[in-house]
Structure formats: structure tokens, C-alpha cells
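Chemist: First the structure, which I've put down as C-alpha cells, then a few questions once you've had a look.
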Amino acid sequence: MASGPVATDGAEPTVVVDDLHVVYRVYGAGGDKGTAATALMRVVKRQRRPSVREVHAIRGISFVINHGDAVGIIGRNGSGKSTLLQAIAGLLPPEQGCVYTSGQAALLGVNAALLDDLTGERNVVLGCLAMGMTPQETKDRYQSIVDFSGVGNFIDYPMRTYSTGMAQRLRFSIASAKNHEILMIDEALATGDANFRAKSHERIVELRGEAGTVFLVAHNLAEIEASCNRVIWLEKGKIMRQGYDVPAIIDAYLEATGGEPRKRDKPDQNEHGATA
Amino acid sequence: MRERARDQGGPGTLTDDLVIPEIDVSALPAEPLAELAARYQLRPSAARAGLFAYARQLWERRHFIMGFATARNVAMYTEARLGQLWQVLTPLLNAAVYYLIFGIILDTSRGVPKFLPFLITGIFVFNFTQRAFITTSRVMPDSLPLIRALPFPRACLPIGYVLIELEQLGMALVVLTIIVLASGEPLTWYWLLAIPAFLLQAVFNVGMGLFLARLGAGADDFSQLMPFVVRTWMYASGVMFSIQTISTLRHHPTITYLLQINPAAVYISLVRNAILLSQRESWPGSKPYSAANCALYHTGHEKYVLYSAYCHGTVSMNGLWLWGIGWAIVAVIVGFVFFWQAETRYGRG
Numbered sequence: 074m075a076s077g078p079v080a081t082d083g084a085e086p087t088v089v090v091d092d093l094h095v096v097y098r099v100y101g102a103g104g105d106k107g108t109a110a111t112a113l114m115r116v117v118k119r120q121r122r123p124s125v126r127e128v129h130a131i132r133g134i135s136f137v138i139n140h141g142d143a144v145g146i147i148g149r150n151g152s153g154k155s156t157l158l159q160a161i162a163g164l165l166p167p168e169q170g171c172v173y174t175s176g177q178a179a180l181l182g183v184n185a186a187l188l189d190d191l192t193g194e195r196n197v198v199l200g201c202l203a204m205g206m207t208p209q210e211t212k213d214r215y216q217s218i219v220d221f222s223g224v225g226n227f228i229d230y231p232m233r234t235y236s237t238g239m240a241q242r243l244r245f246s247i248a249s250a251k252n253h254e255i256l257m258i259d260e261a262l263a264t265g266d267a268n269f270r271a272k273s274h275e276r277i278v279e280l281r282g283e284a285g286t287v288f289l290v291a292h293n294l295a296e297i298e299a300s301c302n303r304v305i306w307l308e309k310g311k312i313m314r315q316g317y318d319v320p321a322i323i324d325a326y327l328e329a330t331g332g333e334p335r336k337r338d339k340p341d342q343n344e345h346g347a348t349a
Numbered sequence: 016m017r018e019r020a021r022d023q024g025g026p027g028t029l030t031d032d033l034v035i036p037e038i039d040v041s042a043l044p045a046e047p048l049a050e051l052a053a054r055y056q057l058r059p060s061a062a063r064a065g066l067f068a069y070a071r072q073l074w075e076r077r078h079f080i081m082g083f084a085t086a087r088n089v090a091m092y093t094e095a096r097l098g099q100l101w102q103v104l105t106p107l108l109n110a111a112v113y114y115l116i117f118g119i120i121l122d123t124s125r126g127v128p129k130f131l132p133f134l135i136t137g138i139f140v141f142n143f144t145q146r147a148f149i150t151t152s153r154v155m156p157d158s159l160p161l162i163r164a165l166p167f168p169r170a171c172l173p174i175g176y177v178l179i180e181l182e183q184l185g186m187a188l189v190v191l192t193i194i195v196l197a198s199g200e201p202l203t204w205y206w207l208l209a210i211p212a213f214l215l216q217a218v219f220n221v222g223m224g225l226f227l228a229r230l231g232a233g234a235d236d237f238s239q240l241m242p243f244v245v246r247t248w249m250y251a252s253g254v255m256f257s258i259q260t261i262s263t264l265r266h267h268p269t270i271t272y273l274l275q276i277n278p279a280a281v282y283i284s285l286v287r288n289a290i291l292l293s294q295r296e297s298w299p300g301s302k303p304y305s306a307a308n309c310a311l312y313h314t315g316h317e318k319y320v321l322y323s324a325y326c327h328g329t330v331s332m333n334g335l336w337l338w339g340i341g342w343a344i345v346a347v348i349v350g351f352v353f354f355w356q357a358e359t360r361y362g363r364g
């Protein structure tokens, strides 16, 4: 990659987030009686539509991630974890500030909705093509994707008939079919069954070997502690704490949010639990 | 920057408080982050490719666009019992309704030789543009989950939607061919001219579709308004009457001219002249002007229905092709650039 001068600590940045702010709009939020009369009054008074809320989800975050880092992102529901990943992937535009990356970041997420009224088969093909594979590559990978997802005969059914777990398995299989330089995993495994979780964990480790940098969002803190060497704790769209001392930050997080303290068999994890 | 509502307690904000420390500057490198990023040749993740690079990316995703269009087409009628048969039934029913109203009840057929194929050609050609306009003005909000999940050039979506309509048109054209031949129009080499006419129309639709997709991405009001705009446009484009020969427009040459060069009327006329001999023969200006013969046409007598060819024409048949090419090129350039300018903002909703 870059052959420029080396940073002070000898690391090579792959993701630089510089004072990032993200705002997105939510439609259909409450706050209106919803009649034509109230709508007319609003237009007359030149008010903004209350049913459109702008959510300031990320409010000024800066950090530098280096090659080989596995970054866990923790925080309560609604603290901006998924939004941050979408912004790094370039899917949500920054309102202010900037995200710099060394390549296209791939996001494996729960919400990676594909086309629900199409069959699983079509979704596999379209997903691969959308990720930029050629038709030939798609054809070559097709069977392994279907096998990995384990949806079996359901592959011929529309995706809206899938259970949550099945849909998620298929999405994960599609998204992980390609090797990515920067890989972001957003709770992608939360609803899979035990068998699939084991399989997908292996696949993630494999992908991490190929990817330079990995981000992991999970509410399962054991997973983060096992596979990350660095952690960022988000609260209300800002960084609460971040650093390489993963167990200490996780303990502080648990204390602040009223969770049970984690029990650890071994006194400390090594820095790269990633090599498991 | 836009004015923004302050903390409103919407989703994404928590109510109970943890004290968030000030940004810990010591964790960050001393140099400005933008410079650091530049030094390691990192690029903004939400950066927009240059215009030509973008066009190239789009070309690389052509298989995705095609696959997307085909898949959508297949899925469109899965909930209906008659399934794909609706691809044919919809245009047929459309034709039946318009024939009932305009051919029989309102009788706008005066002065048009072979009104049925004239009307149905107009409806099918216009329907292509109409459906492309309405669907592309909704494509960005409808595809928001896909946009927020996968990175790809967003122009794939409106282009894919226009291709869906093009495939639907293919089915409608089979119906059209049968009706036109059954009504006694001959099959001639001129029919081949319909192909470039439809291609020009498709290019025009892609350009306008890109334009409308960006407008529709901003406010939903726009897509609500779209059906009315399109319907008004239909009545002004000579779908169910002949712009050049209708008696109410006879003494308004400027209006006739403006209506005749509007893109919808241009593409409809091009297709009609290609597949309908009766239209080609009666096209005003296609024969040397003859005041006597033109007057005979205006008597409205059935026998002289083709004599409109001896009247003054507003746009020649060659002129129509030039207008058709011009509209397509202008639309696709303006639409593409306009859509591309907002490329990174479609994910915001």
C-alpha cells in the first residue's frame, strides 16, 4: 500500500475518521394529528414537517485505525454504532467532517436488506453482481454460497417467506463471499442458530486474515474481547472511551450501564486474540 | 449548512445521561487528520467518482443492472393469480378503455384514417414514457435499504427501472403488432424504423429517469404530483387525436408546432409513421401543397381523409427524427450529470 513516511508509532493507517458528523432523516415520526387541516396550517405557518425528524446520530468523532487492527465498537442501543459503520462504508454521507479509507469497506449487517419479493436464488445472484463480481464469478461462487447459508430448498422461495435467522444467514453468506480490504461486521450473527454461529465465526476469522482491518459491532462482549485488540465505546454519537486496553474499557462500560461484571478465567487476553 | 433541529429526543438519542468526556486529543496524532490521510493516500469513503470514472463504474455494473431489471420484472406479478399474463392484459385493457372513450363516445377520430391502430400505437408508446417517469421518481426512496446496504453506482437503480419498462414494452409490442396487422395495415420495411425510434425514446427515458430520480429522492411530494403531470402531458401529446389535423388547432400554427415537437409527440409520431401506412400517407406536408386538396380534406368527408398530406405540415418527417435525436441526447446528458452531482447523498433519505 502507501509507501509514505511511517507514523510515529510505526503503524500504517487504513481508516481515518476526522471530526465526523452524520445526520439522517427519519420520515413518519409522530408529532402530528396527520390530517389535511394540520398539514395546511403547517404550510401556512411555514413550519417544518414534524413527521420528518433529523437525527444527529454521530456528533464529532475522530480516530485513526491502523492496518491489522480489529476494532470492537460497543455502546448502548441507539448510540450510533451502526451509523458509524455505514458512514465508514460510505453508505451514509457525512454532514460534516470526513472518513478516509484505504479501499472500499464492506459492511455485513443485519439490515443489509436485499430484495424481499425475489427468491433467494435471485438475491444471491444480484447481491454478487452488485458487489462487482462478474457473471462468471457469480456462477462459480453460487453453490458455495447456498451451501454455506444452509437454507436448503428455501432458496427457490421469495425471501419474504424466510425466517429472520434464515434471511440473515443468506445475507451473511452473500456478503462474505467476497474478500474485502476493510471488513465491518454489524451484529451479523446475532440471530443465527448455534451451528451457523460456529461456521460464521470461522468464516470471520478467515476473512480477518485476508482483510487488513476489521470492525466488529456486537452486544456479545465476550465475542469482542476474544477477537478485538482495540475498542471504541460510543455514547450518544460521541466517543466515551477508546483504546487498546479492551478488558478495562469493557469493565467500565458494564459498570456504567449496569451490567454484570464479566468473569474472566485467564487474567488477561493477549493483544491479538484475533489469531484464534 | 442547512438549519437543523436541535436535540429532539428522536431515536438515536438516549434520555438518561452518562457524562461524555471531552475529546481526548492525546489519542490522536499531532498532525491534522486530513494531512495524515493524504500522506497515506487514503481517500474519502463518501467521495464521488469523476464523471467519466462514474460512467465506467456504471458500465462495469451492467450485469447488475440487467439482472436487477429482469428480476424485478419477474417479481412484479408474483402476487397475481394470472401472473405474467398481466404484462399483456394491462396494455390491452388500457387500449380498450381509451378506444371506448375517445374512439366511440367522444369521437375524436374525425379526420384520422384508421383510428384504432393510431390510438393504440399512441397509447403504447406514451405508456412506456409514462411508466418510466412514475417509477423512476419513486426509485430512490423505495430502494433506500439497498442503498444503505451495498455500495454501487446509484444510477444503476433508475436505469434498471427504465429497462424494466422497456421489457414490459416488449410484451406490449407483440399485442400492438397483432392489433395493427389485424386492422388491415400492411407489414412493410418501414416497420424497421420503429426500432431506432424506440431506442431514442429509451435513451430519452433513461435521461429523464435519472433527472426525476434525484428530484424524487428529496421530497415525496414530487412523486405524488408526478401522475398528474404525466396525465396532462398525455392529453397534450396527441395520443388520442392528431395534433396536426385536429380542427381546433387549425388556426394556431405556433401551438401546433410546440405540441408537435414535444418529446412524447415526437416519439409517438415516429413510431406511427413507421408502422402505419395510413399515417405516412396522410402526414401533412408529405405531398406538394395543394390548396384545393387541402380544402377537400377539411370538408371532413370520409373519401378525402388522406388528403391532409396536401396541407401545410408543421414538422417534416425528417425534422421529427432530428427532434427525436436532439431530445434523447439533451435528456441523457443533463439527467446523468444532474444525478451524478448528488451521488453521495442518496443514502441519507
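From first to last, the protein sequence lines stand for chains A and B. Plus 73 on top of the position in the first sequence (first one is 1) and you've got this note's numbering. Plus 15 on top of the position in the second sequence (first one is 1) and you've got this note's numbering. No residue lacks a Cβ here, since even glycine has one placed at the ideal position from N, Cα and C. Just so you know, these numbers come straight off a predicted model, no measurement behind them.
What are the boundary residues of the alpha helix (DSSP H) that includes D366(B)?
Modeler: Residue 366(B) lies beyond the range of chain B shown here (16 to 364); nothing can be said about it.
Chemist: Counting only beta-carbon atoms, is E328(A) nearer than 8 Å to chain B?
Modeler: So no, E328(A) is outside the interface.
Chemist: List, in order along the chain, the chain A residues whose C-beta lies closer than 8 Å to that of T136(B)?
Modeler: Per Cβ cutoff of 8 Å: no residues; T136(B) is ~33 Å from chain A at best.
Chemist: Starting from I147(A), follow the alpha helix (DSSP H) in both directions and report where the run begins and ends.
Modeler: Segment A143 to I147 is the beta strand (DSSP E) holding I147(A); no alpha helix (DSSP H) there.
Chemist: Just the Cα atoms here: how many angstroms apart are G328(B) and L230(B)?
Modeler: Spanning the two alpha carbons is a distance of roughly 37 Å.
Chemist: Can you tell me whether DSSP reads F288(A) as helix, strand or coil?
Modeler: Reduced to three states, the DSSP call for F288(A) is strand.
Chemist: When the Cα of Y92(B) is compared with those of D190(A), E275(A), I247(A) and G205(A), which residue comes out closest?
Modeler: It is D190(A).
Chemist: In terms of DSSP beta bridges, what is G316(A) paired with?
Modeler: According to DSSP, G316(A) bridges with V304(A).
Chemist: Please state whether the Cβ-Cβ distance between Q177(A) and R163(B) is less than 8 Å.
Modeler: Not in contact: Q177(A) and R163(B) (Cβ atoms no closer than 8 Å).
Chemist: Could you name the residues of the region 141 to 172 of chain A whose beta carbon sits closer than 8 Å to any beta carbon of chain B, in the order they occur along the chain?
Modeler: Here the close residues are R149, G151, S152, G153, T156, Q159, A160, I161, A162, G163, L164, L165, P166, P167, E168, Q169, C171 and V172.
Chemist: Quick one: any contact between the region 173 to 189 of chain B and the region 145 to 162 of chain B, if contact means 3 or more CB pairs under 8 Å?
Modeler: Verdict: yes, contact present.
Chemist: For the beta strand (DSSP E) containing L93(A), list its first residue and its last residue.
Modeler: Looking at the DSSP string, the run of the beta strand (DSSP E) that includes L93(A) is P86 to V99.
Chemist: CA-CA distance, F245(A) and S222(A)?
Modeler: Going by the C-alpha atoms only, they are around 8 Å apart.
Chemist: Would you grab the beta carbon distance between P173(B) and G224(B) for me? Rounded to a whole angstrom, and I think it's under 8 Å.
Modeler: Between G224(B) and P173(B) the Cβ distance is about 4 Å, and since that is below 8 Å, they are a contact.
Chemist: Relative to chain A, which residues along the region 164 to 180 of chain B have a C-beta separation below 7 Å, given in chain order?
Modeler: Listed in sequence order: A164, L165, P166 and F167.
Chemist: Determine the extent of the beta strand (DSSP E) in which G133(A) is found, giving its start and end residues.
Modeler: Counting along the chain, the beta strand (DSSP E) containing G133(A) begins and ends at R126 to N139.
Chemist: Would you say I297(A) and V304(A) are within 8 Å of each other, going by their C-beta atoms?
Modeler: Closer than 8 Å, so yes.
Chemist: Apart from the five residues on each side of it in sequence, which residues of its chain come closer than 6 Å, Cβ to Cβ, to Q239(B)?
Modeler: Excluding sequence neighbours, Q239(B) sits near nothing in its chain.
Chemist: Rounded to whole angstroms, what is the Cα-Cα separation between D122(B) and V140(B)?
Modeler: Each residue's alpha carbon lies about 21 Å from the other.
Chemist: Distance, Cα to Cα, A212(B) vs R287(B)?
Modeler: Looking at the two C-alpha atoms, the distance is approximately 10 Å.
Chemist: Quick check on the DSSP output: the alpha helix (DSSP H) that includes C201(A) runs from which residue to which?
Modeler: G193 to A203 is the extent of the alpha helix (DSSP H) around C201(A).
Chemist: Taking DSSP's pairing of strands, which residues face K311(A) in a bridge?
Modeler: In the DSSP output, where bridge partners are listed per residue, K311(A) has E308(A).
Chemist: Specify the secondary structure class of V254(B) as computed by DSSP and reduced to three states.
Modeler: Coil.
Chemist: Under three-state DSSP, which class holds G315(B)?
Modeler: Of the three classes helix, strand and coil, the one that applies to G315(B) here is coil, per DSSP.
Chemist: Tell me which same chain residues have a C-beta within less than 7 Å of the C-beta of W101(B), skipping the five on either side of it?
Modeler: For W101(B), where only same-chain residues beyond five positions count, the Cβ hits under 7 Å are Y92 and A95.
Chemist: According to the Cβ coordinates, are V144(A) and F269(A) closer than 8 Å?
Modeler: Not closer than 8 Å, so no.
Chemist: Do you know whose CA, among W248(B), E50(B) and V347(B), lies nearest G222(B)'s CA?
Modeler: If we check each option's Cα against that of G222(B), V347(B) comes out closest.
Chemist: With a threshold of 8 Å between beta carbons, is D318(A) in contact with chain B?
Modeler: No, D318(A) does not count as interfacial toward chain B.
Chemist: Using the Cβ count rule (16 or more neighbours within 10 Å means buried), how would you classify Q315(A)?
Modeler: Per the 10 Å Cβ criterion, buried.
Chemist: Could you confirm whether any beta carbon from chain A is found closer than 8 Å to the beta carbon of R360(B)?
Modeler: Closer than 8 Å: yes.
Chemist: For the candidate residues I135(B), P242(B), Q216(B) and F226(B), whose alpha-carbon lies nearest to that of V190(B)?
Modeler: It is I135(B) whose Cα lies nearest to the Cα of V190(B).
Chemist: Using a beta-carbon distance cut-off of less than 7 Å, what residues from the region 90 to 105 of chain B approach chain A?
Modeler: Taking 7 Å as the Cβ-Cβ cut-off against chain A, the residues of the region 90 to 105 of chain B that qualify are A90 and T93.
Chemist: Note down, in chain order, each residue of its chain lying with its Cβ closer than 6 Å to the Cβ of V245(B), except the 5 sequence neighbours on either side.
Modeler: Once the five neighbours on either side are set aside, the close Cβ partners of V245(B) are Q145 and F148.
Chemist: Mapping the DSSP letters down to three states, classify V172(A) as helix, strand or coil.
Modeler: Strand at V172(A).
Chemist: Please classify A110(B) as buried or exposed, where buried requires at least 16 other C-beta atoms within 10 Å of its C-beta.
Modeler: A110(B) is buried by the Cβ-count criterion.
Chemist: Kindly say whether G205(A), judged by its beta-carbon, lies nearer than 8 Å to any beta-carbon of chain B.
Modeler: So, interface residue.
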